[in-house]
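Trainee: Next up is a structure, given as structure tokens.
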Amino acid sequence: MSENKSEYLVDVRELKEYFPVKTGFFKKIPLKAVDGVSFHIKEGETLGLVGESGCGKTTVGRTLLRLYEPTGGEFYFNGELVTAKNIGPLRRQMQMVFQDPYSSLDPRMTVEDIIGEPLDVHHLYSGKAERHDKVLHLMELVGLNAEHATRYAHEFSGGQRQRIGIARALAVNPKFIVCDEPVSALDVSIQAQVINMFEELQEKLGVAYLFIAHDLLVVHHISKRIAVMYLGRIVEIADADELNEHPIHPYTLSLLSAVPIPDPKKARASRRIVLEGDVPSPLHMPSGCPFRTRCRYCTDRCKKECPPLTDRGNGHMVACWNA
Amino acid sequence: MTVGKHRSKVRKFKERNQDRMTENYDIPAPKKRKLSLQIDPAKFEKATDEEKKQADVMAESTTFFKDGMRKLLRNPLAIIAIVILCIVIATIIIAPHVVPYGYDEIITVNGVRDKRAANLSPFQFSDMEKQYMEESGEKLFPHIMGTDELCRDYFIRVVYGTRVSLLVGIFASLMVLIIGTVYGSISGYAGGRVDLIMMRIVDIIYSLPDLLIIILLSVVFKETMDFSRVPVIGKLGTNMVSMFIVFGLLYWVGMARLVRGQILTIKQNEYILAAQAIGAKPGRVIRKHIIPNCISVIIIMTAQEIPSAIFTESYLSFIGLGVQLPMPSLGSLANAARSGMQSYPWKLVFPAVMIILIVLAFNLLGDSMRDAFDPRLRQ
């Protein structure tokens, strides 16, 4: 794996996560939340991961951090294969920012204890004074006042809480942060602040992000590359601008057509591609291409074979037989 | 087209009313941008440093515990319960030092056993005592609750009985607290198959008859073990040992179920996932995140467990399986009073009232604590 070490910080290959679901007394069938996802992220780069609710975005992020035990696939971090054994020390290099700033902070802990917890767990300080200094430095980094340190999480607004969550993730000085919809619970003006902060922190500290979101505009703003997920698979992955301007997969096309355009004249001219039907249940995946049940271009081949991700030039990968 | 028409109408209306509006009201003349707020920056002044500081002052940070205590102390029922408990505890601590009689001493006057001082009513002195007081002019300490059939001061016996009952109650519920919390948190946190097996064990224990086991154990202990040299337990007797064992074996299941249920709900919160993502070990997650978040429920449960333990001790003493004589407990006092109930009713009333007071106070306290600390009842 020597070639990985030089090129990619995060290298995920065919990641699979199945959850067993009881359907009868002894019967269990797998729920394929993530079914063969591969991507890679370079150091200091951001990969955006978009898709509708329930398509497995969050599961990807949590499986990477081994909050769930993966069913299959490999994950190389800095060239090192991540296993259940070496995840402990690796958690100093990978961290996570959670979606809901209201439930991701312990209501019984002060801000100082919340941010200091990763320091406690990994023994990253020698005395109480050093811990306090480190916490204050982190708070300053994310734009919180020093006097907030003794307060409890419920005394803060959503944006401030998310900053606390980010400071907690930064405490171990990680190289890679999984941002699991970090702004979707915030209102739009706060979203902008937090996203700009993510970008500033990336410039300052050189962290790489896996930025999970369902808002294409947000993802386009922050990401270098974007991956589009549908039903546990990546259907298209490309550079952010390339994906925005030349989407190929029919699902990406419909997603992009749903993005509101701030200019009313252009908005009137554009045509929305409305998908028919609902997302199939991941318990009963359609045969062949997972998107075929809602795809306008569906052919017999789509029903039989699942399309692999193929390169259409410049690293623009698409999983579709027809496009 | 319709939009255009509407706009022209608005413009006409504005033109017609332009003069009147500017005359009657002090509205600044519209500037170039008609949609802007038309705020005049000249009317504003910059905030001074002092004013800026004022904006930083926020309310004092309140913790969950402080907030709960404040609510608890506002509840009159809780205050009544606390006052009753304080009086009872103060009495059982101070009384043995003040009252010159012992719980196992027959009343003696001037070194002579007073055999006729049995079954005195409250504040009554026996003939010998009266005679002694007249002769020496000394005042003897009154028998506040009279004496029992063996010429012992009844007040001090009730005090010691309360001591035993309270100690048993608190100790037993502490044991329930520790075992139940540890068992419940492991079961709830581990989940899956471990949880299933642990909870089936709880179900089995739940179905065992507690009284039968206490009787069996006391019989076995009486035959095989000798606790008479162990400091406190020696005086309380082997029955108490078997009772504590039964509490440790059987009574924690309710607490374990409650804690498990709490943990199952707390586990759903993202901060547990966050702690795991940080790399915290399960023990740390339970100690630092889960237990502090369900501690209020545990405290309340313990407060409600104390009266139930006192009750258990009382009825065991009542049926003769309680503390070893001559050490009294409230239950055994009540049992002894049963025989002379028609002639000396106060001997039943005093221990019974004591049990009622303690149990009622703990129940009231437990209830008010639940009201004060239950997050679902907070606003």
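Protein chains in written order, with this note's numbering: chain A, 1 to 323; chain B, 1001 to 1379. Glycine residues also receive a C-beta, built at the ideal position from the N, C-alpha and C atoms.
(1) Could you check the C-alpha separation between B:Ala1372 and A:Asp278 for me, to the nearest Å?
(2) In this structure, what does DSSP give as the bridge partners for A:Cys179?
(3) Please identify the residue among A:Lys28, A:His40, A:Lys27 whose C-alpha is closest to the C-alpha of A:Arg13.
(4) Output yes or no for whether 8 Å exceeds the beta carbon distance between A:Lys134 and A:Leu144.
(5) Tell me whether the beta-carbon of B:Ile1107 lies closer than 8 Å to the beta-carbon of B:Tyr1101.
(6) Per the contact definition of three or more C-beta pairs closer than 8 Å, is the stretch 1335–1349 of chain B in contact with the stretch 1292–1300 of chain B?
(7) Nearest to A:Leu64 by CA position, among A:Leu81, A:Tyr230, A:Ile273, is which residue?
(8) Grab the span of the beta strand (DSSP E) containing A:Ala227 for me, first residue to last.
(9) Between B:Tyr1271 and B:His1289, is the Cβ-Cβ spacing less than 8 Å?
(10) Tell me the residue span of the alpha helix (DSSP H) that contains A:Tyr68.
(11) Among A:Ile234, A:Met229, A:Asp241, A:Gly206, whose alpha-carbon lies nearest the alpha-carbon of A:His221?
(12) Distance, Cα to Cα, B:Pro1351 vs B:Ala1256?
(13) Per DSSP, B:Thr1265 forms a beta bridge with which residues?
(14) Report the rounded CA-to-CA distance for A:Ser103 versus B:Met1327, giving the unit in angstroms.
(15) Assuming contact is defined by CB atoms lying nearer than 8 Å, are A:Ile212 and A:Gly61 in contact in what I supplied?
(16) Looking at the structure shown, is A:Lys134 part of a helix, part of a strand, or coil, going by DSSP?
(17) Taking Cβ-Cβ distances shorter than 8 Å, what residues in chain B pair up with A:Arg91?
(18) Exposed or buried, which one is A:Leu255 when buried takes at least 16 other CB atoms within 10 Å?
(19) Here's a check: name, in chain order, each residue in its chain whose Cβ is nearer than 6 Å to the Cβ of A:Ile237, leaving out the five neighbours to either side.
(20) Does any CB atom of chain B fall closer than 8 Å to the CB of A:Asp11?
(21) Please classify B:Thr1147: is it buried, with 16 or more other beta-carbons within 10 angstroms of its beta-carbon, or exposed?
(22) Please check the pair B:Gly1161 and B:Ser1329, which I expect to be a contact at CB under 8 Å, by giving their CB distance rounded to whole angstroms.
(23) Counting C-beta neighbours from all protein chains within 10 Å, is the total for A:Asp106 16 or more, i.e. buried, or is it exposed?
(24) Compare the C-beta of B:Pro1282 with all C-beta atoms of chain A and state if any pair is closer than 8 Å.
(25) Take A:Ile261 and list the residues in its own chain whose beta-carbon comes closer than 7 Å to its own, dropping the five residues that flank it on each side.
(26) Report the three-state DSSP secondary structure of A:Lys265 (helix, strand or coil).
(27) At the level of alpha carbons, what is the spacing between A:Cys289 and A:Arg131?
(28) Can you pull out the residues from the stretch 1260–1276 of chain B whose beta carbon lies closer than 9 Å to at least one beta carbon of chain A?
(29) State buried or exposed for B:Thr1002, treating a residue as buried only when at least 16 other CB atoms are found within 10 Å of its CB.
(30) On a CA-only basis, which of A:Phe98, A:Tyr18, A:Pro307 is nearest A:Gly73? Give me that one, please.
(31) Along the chain, where does the alpha helix (DSSP H) that runs through B:Thr1312 open and close?
(32) Considering only the alpha carbon of each residue, which of A:Asn173, A:Ile87, A:Tyr152, A:Val235 lies closest to A:Glu69?
(33) Which value, in whole angstroms, describes the spacing of the CA atoms of A:Arg92 and A:His123?
(34) Starting from the beta carbon of B:His1289, find every residue of chain A whose beta carbon is closer than 7 Å, and list them in chain order.
(35) Could you tell me whether the Cβ atoms of A:Ala169 and A:Thr110 are closer together than 8 Å?
(36) Distance check for A:Ile177 and A:Lys329, CA to CA, integer angstroms please.
Mentor: The relevant details are as follows:
(1) Residue numbering aside, residue 1372 of chain B sits at position 372 when the second sequence is read from its first letter. Residue numbering aside, residue 278 of chain A sits at position 278 when the first sequence is read from its first letter. Their backbone Cα atoms lie some 46 Å apart in a straight line.
(2) Stepping through the first sequence from its first residue, residue 179 of chain A is reached at position 179. Beta-bridge pairing links A:Cys179 to A:Val97, A:Phe211.
(3) In the first sequence, the residue the question calls residue 13 of chain A occupies position 13. That would be A:His40, whose Cα lies nearest to the Cα of A:Arg13.
(4) For this step, residue 134 of chain A is matched to residue 134 along the first sequence. For this step, residue 144 of chain A is matched to residue 144 along the first sequence. The answer is no: Cβ separation not under 8 Å.
(5) The count along the second sequence starts at 1 and reaches residue 1107 of chain B at position 107. The count along the second sequence starts at 1 and reaches residue 1101 of chain B at position 101. Contact flag set, yes.
(6) no
(7) Taking the first sequence and counting its residues from 1, the one referred to as residue 64 of chain A is at position 64. Closest by alpha carbon: A:Leu81.
(8) Taking the first residue of the first sequence as position 1, residue 227 of chain A is located at position 227. That run of the beta strand (DSSP E) goes 225–230.
(9) Against the second sequence, residue 1271 of chain B aligns to sequence position 271. Against the second sequence, residue 1289 of chain B aligns to sequence position 289. Yes. Within cutoff.
(10) In the first sequence, the residue the question calls residue 68 of chain A occupies position 68. Segment: none, A:Tyr68 is in no alpha helix (DSSP H) and carries neither H nor E.
(11) As a working mapping, residue 221 of chain A is identified with position 221 in the first sequence. Nearest C-alpha to A:His221: A:Asp241.
(12) Indexing the second sequence from 1 puts residue 1351 of chain B at position 351. Indexing the second sequence from 1 puts residue 1256 of chain B at position 256. The straight-line gap from Cα to Cα measures roughly 32 Å.
(13) For this step, residue 1265 of chain B is matched to residue 265 along the second sequence. DSSP, once it has assigned bridges, lists no residue as partnering B:Thr1265.
(14) Residue 103 of chain A sits at position 103 when you count from the first residue of the first sequence. Residue 1327 of chain B sits at position 327 when you count from the first residue of the second sequence. The straight-line gap from Cα to Cα measures roughly 54 Å.
(15) Working through the first sequence from its first residue, we reach residue 212 of chain A at position 212. Working through the first sequence from its first residue, we reach residue 61 of chain A at position 61. It is a contact, given that the beta carbons lie within the stated cut-off.
(16) Within the first sequence, numbered from 1, the residue matching residue 134 of chain A stands at position 134. The answer is helix: DSSP assigns A:Lys134 an H, G or I state.
(17) By one-based count along the first sequence, residue 91 of chain A stands at place 91. Simply Ala1277, Ile1278, Gly1279.
(18) The residue labelled residue 255 of chain A in the question sits at position 255 within the first sequence. The residue is buried, with at least 16 neighbouring Cβ atoms inside 10 Å.
(19) Position 237 of the first sequence, counting from 1, holds the residue named residue 237 of chain A. Correct list, in chain order: Ala227, Met317.
(20) As a position in the first sequence, residue 11 of chain A is number 11, starting the count at 1. Chain B contact via Cβ: absent.
(21) Walking along the second sequence from the start, residue 1147 of chain B turns up at place 147. Classification for B:Thr1147: buried.
(22) What you label residue 1161 of chain B is simply residue 161 of the second sequence in a count that begins at 1. What you label residue 1329 of chain B is simply residue 329 of the second sequence in a count that begins at 1. Going by Cβ atoms, the distance from B:Gly1161 to B:Ser1329 rounds to 5 Å, so yes, they are a contact pair.
(23) In the first sequence, residue 106 of chain A corresponds to position 106, counting from 1. Buried, by the Cβ-count rule.
(24) As a first step, residue 1282 of chain B must be located in the second sequence, where it is residue number 282. Taking Cβ atoms only, chain A never reaches closer than 8 Å to B:Pro1282, which makes this a no.
(25) Walking along the first sequence from the start, residue 261 of chain A turns up at place 261. These residues qualify, in order along the chain: Ala267, Ser270.
(26) Here residue 265 of chain A refers to the residue found at position 265 when the first sequence is read from its first residue. Correct three-state label for A:Lys265: helix.
(27) By 1-based counting over the first sequence, the position of residue 289 of chain A is 289. By 1-based counting over the first sequence, the position of residue 131 of chain A is 131. Answer to the nearest angstrom: the Cα atoms are 52 Å apart.
(28) Gln1268, Asn1269, Glu1270, Tyr1271, Ile1272, Leu1273, Ala1274, Ala1275, Gln1276
(29) Translated into positions along the second sequence, residue 1002 of chain B becomes position 2. Only weak support is given to the placement of B:Thr1002: the predicted model assigns it a pLDDT of 49, under 50, and the question is left unresolved by the model.
(30) If you number the first sequence from 1, residue 73 of chain A lands on position 73. Checking every option, the nearest Cα to that of A:Gly73 belongs to A:Tyr18.
(31) Counting from 1 along the second sequence, the entry for residue 1312 of chain B is found at position 312. Start and end: 1291–1318.
(32) In the first sequence, residue 69 of chain A corresponds to position 69, counting from 1. Closest option to A:Glu69, Cα to Cα, is A:Ile87.
(33) As a working mapping, residue 92 of chain A is identified with position 92 in the first sequence. As a working mapping, residue 123 of chain A is identified with position 123 in the first sequence. Taking the straight line from one Cα to the other gives about 11 Å.
(34) Within the second sequence, numbered from 1, the residue matching residue 1289 of chain B stands at position 289. Chain A residues near B:His1289: Asp106.
(35) Residue numbering aside, residue 169 of chain A sits at position 169 when the first sequence is read from its first letter. Residue numbering aside, residue 110 of chain A sits at position 110 when the first sequence is read from its first letter. No, Cβ-Cβ distance for A:Ala169 and A:Thr110 is not below 8 Å.
(36) What the structure shows of chain A is the stretch from 1 to 323, and residue 329 of chain A is not part of that stretch, so it cannot be assessed.
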